[in-house]
Amino acid sequence: MPSKKALRAASVNRTRLLTVGAVLTVVGLALAIFGWSTPSLLLGGKAVLFLAGVALLFQGVNRLLQGVLGRRVDLTLWLCVGWLVAIVLAAILAPYLPLGEQNDVAKTLLEPSYTTPALLTEHPLGTNNQGLDLLARSIYGARTSLMISLLAVAVGTVVGGTIGVIAGYFRKGVDSVVGIFTNALLAVPPLILLIALSTFLDPSIRNMSLALALLTIPSMIRLARANTITFAQREFVMAARLMGATRMRVMARELVPNVILPVFSMAVVMISALIVAEASLSFLGLGIQQPDPTWGNMIAEGEGGIMEDHPHIVLVPGAFLFLTVFAFNLLGEKAQARWDTRSAKL
Amino acid sequence: MAGSGTAHMRTAAERVLVVDDMVVEFPVGRKQVVHAVSGMNLDLLPGETLGILGESGCGKSSAGRAVMQMPKPTSGRVSLGKRELTGLKVRELRGARARMQMIMQDPISSLNPRRKVRDLVAEGLAIWGYDGDDKDASIRETLEAVGLDPDVVWDRRPHELSGGQCQRVCIARALMMNPDVLICDEPVSSLDVSVQAQILNLLERTKENYDLSMIFIAHDVSVVKNISDRVMVLYLGKTCEVLPSGGLQDEALHPYTRMLISSIPGEEARAETPESPHDEVEVPLSASATELPSPLNPPSGCRFRTRCPLATDLCAAEEPVMREVGAGHFLACHHVAVPDGDAPRLTVLSDEENVAG
Amino acid sequence: MTEHVLEVDDLHTTFSTPRGLMRAVDGVSLTLGAGETLGVVGESGSGKSVLGRTIMGLISNNANTEVTGSVRIAGQDVHEMKPGARRKLWGPEVAMVFQDPMTSLNPVKKVGVHITEALRLHLGLNRKDATERAVDLLRQVFIPEPVRRMKQYPHELSGGMRQRVVIAMALACDPKLLIADEPTTALDVTVQKQILDLLATLASERNMATILVSHDLGAVAGRTDRVAVMYGGRTVETSSTSRVFANPRHPYSEALIASIPQLRDAPHTVLRAIEGAPPNMLNPPTGCRFAPRCRFAQDRCREEEPLLRDLGERDVVHRGACHFPLEIAYEGVS
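Those protein sequence lines, which keep their order, are chains A, B and C.
Our numbering numbers the first residue of the first sequence as 710 and each following residue consecutively.
Our numbering numbers the first residue of the second sequence as 2 and each following residue consecutively.
Our numbering numbers the first residue of the third sequence as 13 and each following residue consecutively.
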């Protein structure tokens, strides 16, 4: 019986959660706003106050939600989901958003360069040396980065997944050949492979995607193969064969729907790795070329002492990159915990 | 036991399944071979249930799978009706094999977790491309036949069902193929005690309603006795004893069968029947006698001799052959039930029974 | 039996899961004297394994688990103790044998190391004495050639042998209470009986209290003094083992006993199955938890929770949680 004592304990618990949560939220919010806007402190002090405020705010909201909903809420997860939805929507809708100029220098001859971020001005995140709007560039950069990495992961998943399922189901000869192929690909250092590819491929979105897809294929093959082997031993595969299913059918109808979940989780983690890879290439000047923005080449604009004077040139695209990579990583990890049978049984 | 021979085979013309000298071996590592089933003979009459009894590692599951050609046996013949399966090409086998269906031990693992019940049950139809108007009706009918309410389970997935319900879905899926033979491999051993009886009753009822012949593979003597007409006891890939299930408790003679029976908690005392106290053999608490020999390198002669209380040199030298010792009762042992009649009754006893009872 | 080795009072173990609270153990009380053997019988979800682990202190209060009520071993409340103090209890006071011997043994440690470790840690023996004692323990659990076995790795032993090693480990520090959680479920039938016999022998030799947790009624029938039948996190019936089997008063115990095929029954005997499935512990039925499956259930059973009460006549202890306890005598198993 849910004893009276337990019920009372639960309600006391809830009140406490709500009060503590509310206090933390208010204090956190106040601290964050104060830290952000106070003129009386140095940049370092402001940052510390602001971050402390955000941390308190996070704890407070977390408790409030738990108190109101009666169960634990993974706030970090929802913040990540929120960020990704926002950035993807912004990237898709970029041409229709009231943003400043992002790549046409001719139009920004009169704009001030290196304005610092100020939220309520025309350039909320500031401008670069040519007066291009950093918010607009970051969002268009997201467009490129996301497009390349999503395309690459999609290609890698489909190709790698298919090969992996076939190798895992047939084993024997097919498996050995695929094994040699994946090991060969894995033996080449990825950055060197990319630099080599970039010497004879134009840095277009399509070529970048294909080059990066090549990086994801071996790990996808391995993951799909390992999961296929696990599921192929499950008895429902045998049951299907006993009813007369062909091997094609077993793969397509029995194995793929099961293997797809862990592969998908891995794909999400991989997106973040590819965003970083793409940014590194662009940073090195091997990716999409200026004046078209990507996060990588935007960060590269800070080279040559500019960052010391105008830290926001690097910090703004850096923050976009960091948050996006962090969010994809976290999401992927959660998905893996749930769907990757090898780390957590179904 | 661990005998060979075909004395227990019948000659009736209408046998639905005949397994002839079937051998199943799996290569492991370099040159080593697991002798899972070594020369098994069995036959099945229409409407009959054959129970195959044995411990893990006795080859009973391998035998069941080899009968279904999953994978094909190393040698020997399996005939279903008038058709021999062992020689068929892959494509012909697909159809022929579907006349036999299998119920496996773990019902949850036997169902694709991504599918709904209606698709699971209809899988056989989908595989063979059947999509008539009566499809839904026959799925419903079959679900009802296995005691599931179609309206309730129709759109459920396996993880939303209990173990017993999953096993019912497996049975329904097999029935949709309209099989002649149903092979049940430990179908109740992963189920809750209170649910086992439901499934056993269901299998019994299904067998009658659908005119099935059944092979029921299990390690639990009482369960096998309950459902079978005839029981075959396996040890390390060889047949020890074949007998009508009714005689399992009192008439079984093979030392291994007796050992299995005396392992049932509560049966130790019963094994000590008053008319046979002179032949008591102690099963010691020591573990040495319990070691199952490796199927990589099975003992010569009678394979049970390393654990058998009656073993002599003869058992090591010569493999016992199946012989008839009673009506429908066959045995492969050199020592018990000598043909001239007054064989000593054998009782395998523990000295530690009922410690706390 | 005034001195109890174990006293469990109104024990609740509640897990908070993403889908709600699961009251795995929901108000269980029991006591156990030295040398006494208690069988805890139940199906999956009955809370029997969680009960064993909560008594042991392996499950205790943390972020997702709430334990209320008390477990007193040798007079000390296990859940009031600091973790360090609790660890000192494990070995000399209480030990546990788990279902799967392979997971209880570390695959890269030799058999000898497994046993001597506990001896050296708890009893402070030196290497030589510990080894001697370990060999002696292996002998006590009837492992042939104990000296050679000490140097073997777990994977070199058979399942039954491994479980014997696990039992030897549990016995190393002479516990006053042994909790065996499904000790034979992973083993072969012919080996199961030997392990159960071994446990029974060791318990009586050492005057050790034993809790045998099992889903197998037969395993419990001949080898325990008392039995507690669990269903849906609660004890539904408890009495001496022979009484429960011969004269079950709770419809669940009665139906469970009747649903098991018996060797003495003729082939094709229709079994008396219990309809339905064990309750979902995230959302257990109101009233009596067995009511939805009970042949005798009435409206009262679905509304009002039956409490565990005395059903025995005069000096017989027989407790059951049923509004309408059975009066029929069932021809017993044991």
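We put the beta carbon where it would ideally sit given N, CA and C, even for glycine.
The beta carbon of C:PRO318 lies closer than 6 angstroms to those of CYS300, ALA333, CYS334 and HIS335 in the same chain, with the five residues before and after it left out. Listed along chain A, the residues sitting closer than 7 angstroms to B:ASP107 by beta-carbon distance are GLU944.
Only buried fits A:VAL946, as 16 or more other CB atoms lie within 10 angstroms of its CB. Separation of C:ASP89 and A:PHE1031 (C-alpha to C-alpha, rounded to the nearest whole angstrom) is 50 angstroms. For B:LEU18, the enclosing beta strand (DSSP E) begins and ends at 18-29. In the DSSP annotation of this structure, the continuous segment of the alpha helix (DSSP H) that includes A:GLU944 starts and ends at 944-951.
Here C:ARG321 carries a strand assignment [DSSP, helix/strand/coil].
By the CB criterion at 7 angstroms, B:SER223 and C:LEU283 fall outside the cutoff. In the three-state scheme derived from DSSP, where H, G and I count as helix and E and B as strand, C:MET220 is classed as coil. Pairing C:GLY45 with C:LEU18, the inter-Cα distance amounts to about 7 angstroms.
The alpha-carbon of C:GLN152 is positioned some 10 angstroms away from that of C:VAL177. Pairing A:GLU987 with A:SER847 gives a Cβ-Cβ distance that is not under 7 angstroms.
In the structure shown, A:LEU1030 adopts helical secondary structure according to DSSP, grouped into three states. DSSP places C:MET108 within a strand segment (E or B) once states are collapsed to three.
With a cut-off of 8 angstroms on Cβ pairs, the segment 894-902 of chain A is not in contact with the segment 835-843 of chain A, counting fewer than three such pairs. In this structure, DSSP gives C:HIS167 a helical state, which the three-state scheme calls helix. Annotation for B:ALA37: no alpha helix (DSSP H) segment contains it, though the beta strand (DSSP E) segment containing it runs 33-45.
Counting only unbroken stretches of 4 or more residues, the alpha helix (DSSP H) elements lying wholly within the segment 107-154 of chain B are 118-122, 124-128, 136-146 and 151-154, in sequence order.
Per DSSP, reduced to three states, the secondary structure at A:THR734 is helical. For the segment 115-147 of chain B, the residues whose beta carbon sits under 9 angstroms from a beta carbon of chain A are, in order, ARG115, ARG116, LEU121, GLU124, GLY125, ALA127, ILE128 and TRP129. With a contact defined as Cβ atoms closer than 8 angstroms, A:ALA954 and B:ILE128 qualify at about 5 angstroms. Remark: fewer than three beta-carbon pairs, one from each stretch, lie closer than 8 angstroms, so the segment 149-160 of chain B and the segment 94-103 of chain B are not flagged as touching. Annotation: Cβ neighbours of B:ASN202 in chain C (cutoff 7 angstroms, chain order): VAL282, LEU283 and ALA285.
Taking 8 angstroms as the upper bound for CB-CB distance, B:HIS255 and B:VAL337 are in contact here, some 7 angstroms apart. A straight line joining the alpha-carbon of A:VAL978 with that of A:VAL972 spans about 10 angstroms. Straight through space, the alpha carbons of A:LEU808 and A:LYS816 are spaced by roughly 13 angstroms. Put simply, the CB of B:GLY247 is near chain C, with a gap under 7 angstroms to one of its CB atoms.
Comparing C-alpha distances from C:HIS330 to each of C:ALA309, C:ARG255, C:PRO273 and C:GLU315 shows the shortest one belongs to C:ARG255. Between A:SER913 and C:LYS121, the alpha-carbon positions lie close to 57 angstroms from each other. If you look at C:SER265, you'll find it in the alpha helix (DSSP H) that goes 263-271. Beta-bridge annotation (DSSP): C:TRP102 is paired with C:VAL106. Scanning B:VAL20, B:GLU145, B:VAL91 and B:ARG116 for the CA closest to the CA of B:THR240 turns up B:VAL20. Remark: C-beta atoms of C:SER116 and C:ASN76 do not approach each other more closely than 7 angstroms. According to DSSP, B:GLN102 shares a beta bridge with B:LEU183. Under the Cβ distance rule, B:LEU112 counts among the residues neighbouring chain A, one pair being separated by less than 7 angstroms. Unbroken alpha helix (DSSP H) stretches of 4 residues or longer found wholly inside the segment 60-138 of chain C: 60-68, 95-101, 113-116 and 123-135, given in chain order.
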